[in-house]
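Protein sequence lines, in the order shown, are assigned to chains E and F.
Its first residue numbered 1, the first sequence is counted upward by one per residue in UniProt numbering.
Its first residue numbered 1, the second sequence is counted upward by one per residue in UniProt numbering.
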Amino acid sequence: MSDVAARVKKIVVEHLGVDEDKVTEGASFIDDLGADSLDTVELVMAFEEEFGIEIPDDAAETIQTFGDAVSFIEKA
Amino acid sequence: MFDLTGKSALITGASGGIGAEIARVLHGAGATVGLSGTRTDPLEALAGELGDRAHVLPCNLSDMEAVAELPKQAIEAMGSVDILVNNAGITRDNLFMRMSDDEWQSVLDVNLTATMKLCKGVMRGMMKARWGRIVNISSIVGATGNPGQANYAASKAGMVAMSKSLAYEVASRGITVNAVAPGFIATAMTDKLTDDQKSNIMGQIPAGRMGDAHEIAAAVLYLASTEAGYVTGATLHINGGMAML
Numbered sequence: 001m002s003d004v005a006a007r008v009k010k011i012v013v014e015h016l017g018v019d020e021d022k023v024t025e026g027a028s029f030i031d032d033l034g035a036d037s038l039d040t041v042e043l044v045m046a047f048e049e050e051f052g053i054e055i056p057d058d059a060a061e062t063i064q065t066f067g068d069a070v071s072f073i074e075k076a
Numbered sequence: 001m002f003d004l005t006g007k008s009a010l011i012t013g014a015s016g017g018i019g020a021e022i023a024r025v026l027h028g029a030g031a032t033v034g035l036s037g038t039r040t041d042p043l044e045a046l047a048g049e050l051g052d053r054a055h056v057l058p059c060n061l062s063d064m065e066a067v068a069e070l071p072k073q074a075i076e077a078m079g080s081v082d083i084l085v086n087n088a089g090i091t092r093d094n095l096f097m098r099m100s101d102d103e104w105q106s107v108l109d110v111n112l113t114a115t116m117k118l119c120k121g122v123m124r125g126m127m128k129a130r131w132g133r134i135v136n137i138s139s140i141v142g143a144t145g146n147p148g149q150a151n152y153a154a155s156k157a158g159m160v161a162m163s164k165s166l167a168y169e170v171a172s173r174g175i176t177v178n179a180v181a182p183g184f185i186a187t188a189m190t191d192k193l194t195d196d197q198k199s200n201i202m203g204q205i206p207a208g209r210m211g212d213a214h215e216i217a218a219a220v221l222y223l224a225s226t227e228a229g230y231v232t233g234a235t236l237h238i239n240g241g242m243a244m245l
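Structural data, given as structure tokens:
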């Protein structure tokens, strides 16, 4: 796993209180990991702080899964 | 009860009668206060009166770039914004048929849009802290309407509905959003009324008097307190019985 993926996974596990092995590439924050819509906003805020990047709202909407988050941040 | 020690509060319109009293009361309960307003002199005077834990943060709320900067300046000055009191408001009264687009828009901009932007600007910190208090100062006319104030009444009703919607969204994060709707409160704004206007108003107030700014500030203190953590999406009407809602 890349460094980015490991850091993203840590945030997701801590924030949503889910088991690490549930956070798979295609795992949807809302459908699979029990996030509500506000959790997804908070996750994006946490990613912004962890990686020192800005994720605009329209991009944030496209981040639905763990894999989406990792690939977005790796490109940012 | 109602100890705000360690909390930071940003108050807009702190140069006005009600806003200054809100700042005094929150400060008196131990909060660090950020005093915002367009006129720097009264803000400096108030900060001087309060002494420690008071920061002057001038801002023209009709300038949306300045509005976006205000939460950042407040956080820089105070470390956080735990309590936001959107008290600033303007009037541009006119009969509806004569009301210009500019009269409409400028009131909506300052009273409603700036409130929305400030709520948004402090929300990140409140969400992370899992604690926050927003108190939006609406008005009795937001519930009853008032001839000559279609713009002001619309903006004040808008604040209530916005508060309720936001209250829903952030309740699970320990953040409450409430409104206070004053009736006629004795301030510089009401001093300008003629005696005829005043006696006409008095006749409509069961309590038979205007309210005091302190009576509004006391409600804000309650809603800002930890003790009011289960109160959210509410509108507290403080109007001497003028409208029992």
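Every residue gets a Cβ at the ideal spot worked out from N, C-alpha and C, and that includes glycine.
Does the beta-carbon of D82 of chain F have 16 or more other beta-carbons within 10 angstroms, so that it is buried, or is it exposed?
Buried, since its Cβ has 16 or more Cβ neighbours within 10 Å.
Members of the segment 75 to 96 of chain F that neighbour chain E once the beta carbon cut-off is set at 8 Å
Per Cβ criterion, the list is empty.
List in chain order: all unbroken alpha helix (DSSP H) runs of 4+ residues lying wholly within the segment 150 to 188 of chain F.
For the segment 150 to 188 of chain F, whole alpha helix (DSSP H) runs of length 4 or above, ordered along the chain, are 150 to 170.
In three-state DSSP terms, what is A66 of chain F?
Reduced to three states, the DSSP call for A66 of chain F is helix.
Could you run through the segment 33 to 61 of chain E and flag, in chain order, every residue whose CB is less than 7 Å away from some CB of chain F?
Contacts with chain F (Cβ-Cβ distance below 7 Å) from the segment 33 to 61 of chain E involve L38, E42 and M45, listed in chain order.
Tell me which residues share the same chain as A153 of chain F and place their Cβ nearer than 7 Å to its Cβ, disregarding the 5 neighbours each side in the sequence.
Same-chain partners within the cutoff: V141, G142, G145 and N146.
So which of E:G52, E:D58, E:V8 and E:L38 has the shortest CA-CA distance to T24 of chain E?
Looking at the Cα atoms, E:V8 is the closest of the given residues.
Between the segment 111 to 123 of chain F and chain E, which residues of the former have a C-beta closer than 7 Å to a C-beta of the latter?
Under the 7 Å Cβ criterion, the segment 111 to 123 of chain F contributes no residue.
Give the DSSP bridge partners of R133 of chain F, in chain order.
In DSSP, R133 of chain F forms a bridge with F:I83 and F:T176.
Consider the Cβ of E169 of chain F: report whether some Cβ of chain E lies at a distance smaller than 9 Å.
Yes, E169 of chain F counts as interfacial toward chain E.
Given A74 of chain F, which residues of its chain have a CB within under 7 Å of its CB, disregarding the five upstream and five downstream residues?
The beta carbon of A74 of chain F lies closer than 7 Å to those of L10, G34, L57 and V81 in the same chain, with the five residues before and after it left out.
Which bits of chain E does M126 of chain F rub up against, with CB to CB less than 8 Å?
The contacting residues do not exist; M126 of chain F stays about 11 Å from chain E at best.
Contact belief for R98 of chain F with N151 of chain F at Cβ below 8 Å, rounded distance in angstroms:
Incorrect: roughly 12 Å between the Cβ atoms, too far for contact.
By DSSP, does T65 of chain E sit in helix, in strand, or in coil?
Correct three-state label for T65 of chain E: strand.
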